[in-house]
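Number of protein chains: 2
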Amino acid sequence: MQWDAWGDPACRRELSDGVRALLTSALGVTAPPVLRRSIGEVPVEPSALGPTHLRALSAVVGDSHVGVSDIDRLLHAGGKSTLDLLRRRSVDRQQAPDAVLTPGGADEVQDILRYCSKHRIAVVPFGGGTSVVGGLDPVRDGFEAVVSLDLRRFDQLSDLDEESGIATLGAGITGPRAEELLRARGFSIGHFPQSFRFATIGGFAATRSSGQASAGYGRFEDMVHGLTVVTPSGVLVTGRAPASAAGPDLGELFVGSEGTLGVITEVRVRVHHVPEAIEREGWNFPDFATGAAALRQLVQESSVPTVLRLSDEAETGVNLATTGKIGESAVAGGCLGITTYEGTAELVSQRMAQARAVLAAHGGTSLGPEPGNDWEKGRFDAPYLRDALLDAGALCETLETATTWGNLANVRTAVTQALVDALTTQGTSPLVMCHISHTYTTGASLYFTVVCAQTTDPSGQWLAAKRAAGDAITGSGATITHHHAVGVDHRPWMADEIGGLGANILQAVKNAVDPAGILNPGKLIP
Amino acid sequence: MQWDAWGDPACRRELSDGVRALLTSALGVTAPPVLRRSIGEVPVEPSALGPTHLRALSAVVGDSHVGVSDIDRLLHAGGKSTLDLLRRRSVDRQQAPDAVLTPGGADEVQDILRYCSKHRIAVVPFGGGTSVVGGLDPVRDGFEAVVSLDLRRFDQLSDLDEESGIATLGAGITGPRAEELLRARGFSIGHFPQSFRFATIGGFAATRSSGQASAGYGRFEDMVHGLTVVTPSGVLVTGRAPASAAGPDLGELFVGSEGTLGVITEVRVRVHHVPEAIEREGWNFPDFATGAAALRQLVQESSVPTVLRLSDEAETGVNLATTGKIGESAVAGGCLGITTYEGTAELVSQRMAQARAVLAAHGGTSLGPEPGNDWEKGRFDAPYLRDALLDAGALCETLETATTWGNLANVRTAVTQALVDALTTQGTSPLVMCHISHTYTTGASLYFTVVCAQTTDPSGQWLAAKRAAGDAITGSGATITHHHAVGVDHRPWMADEIGGLGANILQAVKNAVDPAGILNPGKLIP
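In structure tokens form, the structure reads like this:
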């Protein structure tokens with residue numbers, strides 16, 4: 028990925044004249060484009076890792092697996108939140124880890140963690156680098172140095188138990204590579220978050236990731252059969268059986284641990300046969316409340332599609348759900364729903380019939396396959412659009428939460444109002460859009476996209492909006508994050524989220540596995 | 028429940044002459060019936076709780092909520108494993124908690140835990156008293172005294188969010204009472220373990236219970252939206268949203284904590300509308316391997332029934348799956364499968380058609396609704412049968428595990444062989460039967476029932492068999508328990524199950540929430 032933008036520069040997205048006109052007329056975007064610099068031109072804070080440590084760590088992983096160049100370090104300097112991108116563009120001298128280590132096995136990871144524990148060197152585990160919550164920030168937090176531990180060499184499909192439907196995958200394998208390895212054997216994981224193209228299997232587990240097909244295949248935590256986690260205090264192997272009553276599920280402590288409790292080196296993940304058939308269908312609902320009620324009925328009472336989404340009126344109005352056509356042609360009002368169905372041809376047809384009956388009975392009108400196909404084509408591209416908007420002087424960011432069905436309208440209103448108020452106060456009245464992309468029998472996620480003009484301090488501008496939104500989420504009883512994880516950015520709300528005793532428990536676990544506190548300091552644990 | 032047997036004495040089960048003849052001829056049962064004593068006749072170890080403590084605890088819960096009579100104490104003396112029942116019949120002076128406290132609210136629980144922490148009094152949380160792993164044993168473990176904390180007064184359905192499908196239930200509500208309260212509003216939990224009639228909502232959570240309808244409604248951990256847990260260090264409220272990426276799922280630490288980490292006082296549980304239609308169908312498979320492969324195909328590739336079970340040849344042969352007809356009429360060889368389907372009439376019909384096609388394609392022959400209806404009628408009665416067998420001089424006990432589909436045949440063979448060897452060596456060649464009652468895409472449970480003649484030391488006899496079975500389970504890579512929990516009986520295998528680091532993590536959590544270690548000592552944590 029580019030150092031100061033999402034993904035592959037070849038996929039760079041140009042805004043259409045229509046969108047540019049809309050930004051100016053509706054949002055008052057007038058700011059000049061933000062400076063972009065090529066990675067070779069950027070000054071980087073010098074490495075704080077002395078030659079003794081460098082030699083010792085090189086002895087563990089081999090000289091060729093220790094990166095100390097500015098470029099290596101910059102490419103591991105953090106994630107891809109809007110704040111990250113703004114910082115890379117606006118700050119002259121960049122912070123970066125002092126070295127990048129790419130160990131080749133769990134033993135090397137163990138040796139690195141032991142050495143760093145002894146010598147007070149912080150370690151930031153690094154997968155695909157797609158965090159949008161500051162989860163990869165090279166926080167020093169009183170340590171002598173901080174190194175990035177890149178898991179890219181954990182790249183093997185080391186086992187596929189076809190009978191049990193369990194694949195053993197190295198933590199550093201990216202989403203596309205995992206699907207490629209598995210599809211060659213006729214299998215698929217079915218986990219497709221927006222970060223899919225770059226994020227890794229280990230990262231999916233470390234952040235409690237949830238993919239676009241969660242309605243059908245579950246969240247990544249549901250797919251995890253077992254983990255191998257290397258900690259400074261030893262190795263934990265979880266997932267002895269498909270289900271167990273042998274005490275608390277310790278694996279659940281490491282799913283979502285964000286590199287603070289250990290380094291996930293291997294994931295045993297549930298896989299299924301590559302679906303024989305896929306059908307997609309778009310739906311129109313007269314308004315968000317009607318659409319949300321229809322989705323609720325569907326997940327509570329019927330067969331559930333593999334993908335199930337609902338955009339609100341604002342998002343539907345600008346066609347954000349199908350990024351290929353954004354701003355070009357608006358559907359005729361109302362709210363757009365997307366459904367897809369995967370499986371054997373017969374099951375797809377039967378499930379689709381069941382779901383269609385429920386959606387139609389609850390106020391939906393079929394729009395045929397096209398909106399679903401359009402959505403599918405552009406479904407990993409929104410981050411490129413954000414970069415184009417940032418380049419054009421607009422501020423664009425997303426945030427998300429989840430709550431019960433009974434609290435959904437309340438949370439949506441509270442968060443939208445908080446964002447509108449916080450940005451309007453700064454003279455930049457925003458467009459706030461929302462969709463449901465993950466559904467459960469008891470509730471759903473809410474995903475907000477915010478676009479407005481940048482002020483002269485866009486980072487400060489967004490921080491104020493984010494603070495207001497986070498307070499509104501927490502204040503209305505929802506979770507501070509449904510799938511983006513905690514990192515640095517959501518940490519201020521964690522004490523409220525899990526309570527004082529919850530924070531103590533998390534810290535107690537941390538102390539047990541990482542007594543020196545070297546693992547990803549400054550993240551997650553309040 | 029009776030002090031020395033399962034359940035309600037009015038439901039006492041008589042063995043038919045056919046079964047009695049079978050016990051004698053096939054298993055050589057000749058031992059005379061074991062002594063049964065009425066609860067009033069049994070000598071009980073005197074209470075070790077001095078008057079100062081008694082006054083202080085009475086001040087917390089009120090005089091009428093402190094039980095110190097021998098009968099109160101005997102009724103809280105432990106659970107209902109075969110070892111428990113043998114001990115009650117064979118040992119003269121019985122061990123029992125020193126007092127039984129029945130607090131009326133979370134505040135009182137908190138006060139009890141604080142007092143007991145300060146004064147080194149162990150506390151055993153008590154729900155329905157149905158543990159079959161020694162989870163309720165009044166272990167003193169160096170403490171001055173041990174009290175039973177009975178949650179029966181936590182008996183309210185305090186909230187029902189019909190839109191979100193979430194019920195807030197007091198931890199002390201039994202299975203039938205919870206269903207009664209919810210059905211009055213049109214809802215059901217759908218959790219029906221064999222202990223259903225006596226076990227409690229809090230107990231289901233504390234033991235990671237799994238019910239007979241787990242294929243349709245999931246394990247109890249899947250149904251738990253949130254918990255309120257009172258610990259000596261404060262109260263934890265989990266379950267802020269249907270799903271969250273805000274760090275590790277701390278609720279998963281308390282589901283399965285067996286009273287060692289806190290007292291669960293309230294459970295917010297997922298509920299669904301009372302199903303409109305229920306269909307049942309029995310199936311015959313030529314052998315267990317064919318039947319297991321058919322179940323695997325079903326859960327991996329199709330719609331899944333609500334209940335899905337498969338008895339092996341031995342269990343099918345004595346008709347144990349339908350306890351009402353045990354030993355009376357054997358089906359014509361092969362293995363009996365049971366399926367049930369619940370939901371709207373239309374969905375039941377569609378799902379049943381989908382599942383039938385898969386089962387038939389994989390070697391199954393429909394037996395029509397009768398076997399399913401027979402199973403349904405007797406599905407909570409097996410423990411009464413065990414009592415009748417014990418009274419007749421037979422030894423009868425069950426144990427269970429789970430593993431991946433790929434390892435299922437291996438585990439079944441290893442455990443069966445271990446049981447046969449360990450009991451045959453003692454001169455009591457057993458009948459070992461097995462069934463699958465819980466299925467997952469990646470694997471299934473195995474539930475073993477063992478019947479043989481009692482030796483003169485039936486407790487020692489069973490301990491040897493259990494030790495061999497546990498070693499075989501652990502040695503073959505399966506979990507030491509799929510749904511019976513750990514308690515005292517499975518604790519010897521926990522270090523192997525979760526590893527040394529896992530044990531340290533569990534102990535670290537224990538130290539954080541229960542620094543004095545008063546909560547259910549001697550259980551779960553290795």
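So the protein sequences, as listed, match chains V and W.
For what it's worth, the working numbering labels the leading residue of the first sequence as 28, then goes sequentially.
For what it's worth, the working numbering labels the leading residue of the second sequence as 28, then goes sequentially.
Every residue gets a Cβ at the ideal spot worked out from N, C-alpha and C, and that includes glycine.
Quantities reported herein were computed from a predicted structural model and do not represent experimental measurements.
**Request:** Establish whether the CB of residue 437/V and some CB of chain W are separated by less than 8 angstroms.
**Result:** no
**Item:** Nearest-angstrom Cα separation, counted from residue 117/W out to residue 62/W
**Value:** 7 angstroms
**Request:** Taking a Cβ distance cut-off of 9 angstroms, strictly less, list which residues of the segment 260 to 283 of chain V are near chain W, in chain order.
**Result:** 260, 261, 262, 263, 264, 265, 267, 268, 269, 270, 271, 272, 273, 274, 275, 276, 277, 278, 279, 280, 281, 282, 283
**Item:** residue 523/V versus residue 267/W - alpha carbon distance
**Value:** 10 angstroms
**Item:** Proximity to residue 76/W [Cα-Cα], best of 69/W, 291/W, 85/W
**Value:** 85/W
**Asked** In terms of residues, what are the limits of the alpha helix (DSSP H) holding residue 315/V?
**Response** 315 to 328
**Item:** Assigned exposure category for residue 183/W - 16 Cβ within 10 Å defines buried
**Value:** exposed
**Request:** May I ask you to list the residues that DSSP assigns as paired with residue 149/V?
**Result:** 173/V
**Prompt:** Taking residue 141/W as the reference, which of 128/W, 260/W, 382/W has the closest Cα?
**Reply:** 260/W
**Message:** Strictly under 8 angstroms for the Cβ-Cβ distance: is residue 381/V near chain W by that measure?
**Reply:** yes
**Message:** Runs of 3 residues minimum, wholly inside the segment 332 to 402 of chain V: which ones carry the beta strand (DSSP E) assignment?
**Reply:** 334 to 338, 362 to 370, 392 to 395
**Prompt:** Who does residue 121/V pair with in a DSSP beta bridge?
**Reply:** 71/V
**Request:** Indicate the three-state DSSP secondary structure (helix, strand or coil) for residue 85/V in the structure shown.
**Result:** helix
**Item:** Exposure of residue 41/V, with buried meaning 16 or more beta-carbon neighbours within 10 Å
**Value:** exposed
**Item:** residue 38/V classed as buried or exposed, judged by whether at least 16 other C-beta atoms fall within 10 angstroms
**Value:** exposed
**Prompt:** Taking the runs of the alpha helix (DSSP H) that are 4 residues or longer, which of them lie wholly in the segment 262 to 297 of chain V?
**Reply:** 278 to 281
**Asked** By the 10 Å Cβ neighbour count, where 16 or more other Cβ atoms means buried, how is residue 404/W classified, buried or exposed?
**Response** exposed
**Asked** Who are the near neighbours of residue 516/W in its chain, counting only those whose CB is closer than 6 angstroms to its CB and skipping five residues on each side?
**Response** 160, 161
**Prompt:** What are the uninterrupted segments assigned as alpha helix (DSSP H) that are 4 or more residues long and contained completely in the segment 406 to 465 of chain V, given in chain order?
**Reply:** 409 to 418, 435 to 451
**Prompt:** Three-state secondary structure (DSSP) at residue 251/W?
**Reply:** strand
**Asked** Between the segment 490 to 515 of chain W and chain V, which residues of the former have CB atoms less than 8 angstroms from a CB of the latter, in chain order?
**Response** 504, 505, 506, 507, 508, 509, 510, 511, 512, 513
**Message:** Tell me the rounded alpha-carbon separation between residue 446/W and residue 388/V.
**Reply:** 56 angstroms
**Request:** Assign residue 384/V to buried or exposed, taking buried as 16 or more other Cβ atoms, counted over all protein chains shown, within 10 Å of its Cβ.
**Result:** exposed
**Request:** Using a cut-off of 8 angstroms between C-beta atoms, extract the partners of residue 533/W located in chain V.
**Result:** 274, 275, 277
**Prompt:** Which stretch, first to last residue, makes up the beta strand (DSSP E) that contains residue 310/W?
**Reply:** 304 to 312
**Request:** Per DSSP, which residues does residue 472/V bridge with? Please list them.
**Result:** 429/V
**Message:** Does chain V have any CB closer than 8 angstroms to the CB of residue 218/W?
**Reply:** no
**Message:** Three Cβ pairs or more, each shorter than 8 angstroms: is that satisfied between the segment 479 to 492 of chain W and the segment 219 to 229 of chain W?
**Reply:** no
**Message:** Considering only their Cβ atoms, is the gap separating residue 509/V from residue 427/V smaller than 8 angstroms?
**Reply:** yes
**Endpoints, beta strand (DSSP E) assigned at residue 197/V** = 193 to 197
**Asked** Secondary structure at residue 140/V, three-state DSSP: helix, strand or coil?
**Response** helix
**Item:** Buried or exposed (CB count within 10 angstroms, at least 16 for buried), residue 107/W
**Value:** buried
**Asked** Taking C-beta to C-beta, are residue 317/W and residue 199/W nearer than 8 angstroms?
**Response** no
**Request:** Measure from the alpha carbon of residue 278/V to the alpha carbon of each residue in 292/V, 255/V, 287/V, then state which is nearest.
**Result:** 255/V
**residue 459/W versus residue 448/W - alpha carbon distance** = 11 angstroms
**Item:** Within 7 angstroms of chain W by C-beta, residues of the segment 138 to 152 of chain V in sequence order
**Value:** none
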